[in-house]
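Below is one structure, written out as structure tokens; the observations come after it.
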Amino acid sequence: MRAEERQHRILVLARHEGRVEVAVAAADFGVAAETIRRDLSELERRGLVRRTHGGAYPVESAGFETNLAQRVTLHVEKKRRIAAEAVTLLGEAETVFVDEGYTPQILAALLPTHRPLTVVTASLSTAAAVAESANMTVLLLGGRVRARTLATVGSWACAMLSGFVIDLAFLGANGISRELGLTTPDPVVADVKAKALEVSRRRIFLGDHSKFGASSFCRFAEVSDFEAIITDTGISSAEAHRYTLLGPQVIRV
């Protein structure tokens, strides 16, 4: 099998499974582990995967995006720690925007229920997670529902957001970098995120280490737009410091 064909199959596997392990791929393709490492290095050079210890995971782009089912299996413990830390920054906020995605969904379930709180979200999953709380008012944005993420997008969602003044927005992204800011593959998703950013007094970014240094098709924010970035210790303290120089506090949990 030629290297180009093997790399294509490795990429397909990574996108289907959410990750690829060197040892498993070497056995599947009948090649040495070093061959797979070279393949992954080439795919990383082309911006298609990100290397990790012992493997790689796919980079989301205009042509590829993980679905919600895949997201609930990746870096789960890290996402739980990130969400728990984010809740501690709620302060006196009475209205919050909770973005689509699995980490924000975890956060929504951790929001305090002992006091009144209005939650605005485009995510059907997030709305369902908190709708039964007696002290929570849940506002689900209208629009077209994206099957991949079960979140609403489009002009209706943005029009609803434009009429709000929100105390605090918890936002995610498919990629964040110091040079390119925060990005996501789909323009309509970027529109909703940008509008949420615009109408919120405070903004906090939630994202595990796999998001850092990655970039996708549509930019919707700059790093400097956020008061805080919450991530895990997979990003080094030195790299975290470089992000703090752009404005936000970076919290590694």
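Every position in the sequence shown, counted from 1, becomes a number in my numbering once 73 is added.
For each residue, glycine too, the CB sits at the ideal point set by N, CA and C.
Per DSSP, T194 forms a beta bridge with which residues? The residue given as residue 194 occupies position 121 in the sequence shown. For T194, which the question treats as bridged, DSSP gives the partners V171, L213.
Thinking C-beta only, is R123 closer than 8 angstroms to A267? As a working mapping, residue 267 is identified with position 194 in the sequence shown. As a working mapping, residue 123 is identified with position 50 in the sequence shown. Taking 8 angstroms as the Cβ cut-off, A267 and R123 do not qualify as a contacting pair.
If you reduce the DSSP assignment to three classes, tell me which class F278 lands in. The sequence position of residue 278 within the sequence shown is 205, counting from 1. F278 falls in the strand class under three-state DSSP.
Kindly indicate which residue of G280, F293, P321, E77 has the alpha-carbon position closest to the one of I179. For the purposes of this step, residue 179 is taken as the residue at position 106 of the sequence shown. Residue G280 is the option with its Cα nearest to I179.
Would you mind giving the Cβ-Cβ distance between V296 and P258, rounded to the nearest angstrom? I have them listed as a contact below 8 angstroms. Translated into the one-based positions of the sequence shown, residue 296 becomes position 223. Translated into the one-based positions of the sequence shown, residue 258 becomes position 185. Between P258 and V296 the Cβ distance is about 19 angstroms, and since that is not below 8 angstroms, they are no contact.
Rank R119, R188, R251, P260 by C-alpha distance to the C-alpha of R219 and give the top, closest one. Residue numbering aside, residue 219 sits at position 146 when the sequence shown is read from its first letter. Of the residues R119, R188, R251, P260, the one whose Cα lies closest to the Cα of R219 is P260.
Three or more beta-carbon pairs under 8 angstroms between the segment 104 to 121 and the segment 79 to 87, yes or no? Taking a contact to require three or more Cβ pairs closer than 8 angstroms, the segment 104 to 121 and the segment 79 to 87 qualify as touching.
Alpha carbon to alpha carbon, what distance is there between G215 and T353? Lying before the first or after the last residue shown, residue 353 is absent from the chain, which here runs from 74 to 326.
Evaluate contact between the segment 230 to 244 and the segment 199 to 208, counting only Cβ atoms and requiring at least three cross-stretch pairs below 8 angstroms. The answer is no - the segment 199 to 208 does not touch the segment 230 to 244, with fewer than three Cβ pairs under 8 angstroms.
Where does D305 fall in DSSP's three states? Translated into positions along the sequence shown, residue 305 becomes position 232. DSSP places D305 outside both helix and strand once states are collapsed to three, so it counts as coil.
Leaving aside the five residues before and after P131 along the sequence, list all residues of the same chain whose C-beta is less than 6 angstroms from its C-beta, in chain order. In the sequence shown, residue 131 corresponds to position 58, counting from 1. Cβ neighbours of P131 within its own chain (closer than 6 angstroms, five residues either side excluded): A87, R88, V122.
Run the CB neighbour count on E158, radius 10 Å, all protein chains shown included, and call it buried at 16 or more, exposed below. Walking along the sequence shown from the start, residue 158 turns up at place 85. With 16 or more neighbouring CB atoms inside 10 Å of its own CB, E158 falls in the buried class.
Touch check for the segment 166 to 176 and the segment 188 to 207: three-plus C-beta pairs under 8 angstroms? With a cut-off of 8 angstroms, the segment 188 to 207 and the segment 166 to 176 count as touching, because enough Cβ pairs lie within range.
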